[in-house]
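Residue numbers (the UniProt record's numbering): 1 to 151.
Heads up, the beta-carbon is just placed ideally off N, CA and C, and yes, glycines get one too.
Small disclaimer: the values here were computed from a predicted structure and weren't measured.
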């Protein structure tokens, strides 16, 4: 088992907000903590999580006080290590082009997992709740769909 795991912002949101597969997200995070793994994220992941919370307030799915509490809860999550450098950007660009991804956001998470795997000589699993993303990718054994998580 790797010392590292990468979580998509879709998984992080499910840790904070009760949605479909939130229980899987909580169980996954508990397993990560029990295994003393480090969650690696692209350095902009905090902004993605915050943006989703802001959009939920705008859509009246959360009130501003709830969003504030969830934002603080997210910022208190331990085990998170933000990763960002030019290698991530270059690798994300390559992955986006190879996998025909329309944005670099998803590719950046994949790039973090790829680079951490290479540097640690261990497979860094990337967990996402985005089924469309998983189905669009070519053979990437390190990409896992949250709804398929079993503890």
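When the Cα atoms are used, residue 61 and residue 121 turn out to be separated by approximately 42 Å. An exposed status is given to residue 85, since fewer than 16 other beta-carbon atoms sit within 10 Å of its beta-carbon.
Under DSSP, residue 79 takes part in no beta bridge, so it has no partner. Counting C-beta atoms within 10 angstroms of its own C-beta, residue 141 has fewer than 16 neighbours from the protein chains shown and is therefore classed as exposed. The C-alpha of residue 130 is placed about 11 Å away from the C-alpha of residue 7.
Non-local beta-carbon contacts of residue 51 in its own chain, meaning distances under 7 Å to residues more than five positions away in sequence, are absent. The straight-line gap separating the alpha-carbon atoms of residue 126 and residue 40 is approximately 9 Å. The beta carbon of residue 16 sits closer than 7 Å to those of 70, 73 and 74, all from its chain and outside the five residues before and after it, given in chain order.
In the three-state reduction of the DSSP assignment, residue 150 falls in the coil class, being assigned neither a helical nor a strand state. At least 8 Å separates the beta-carbon of residue 47 from that of residue 79.
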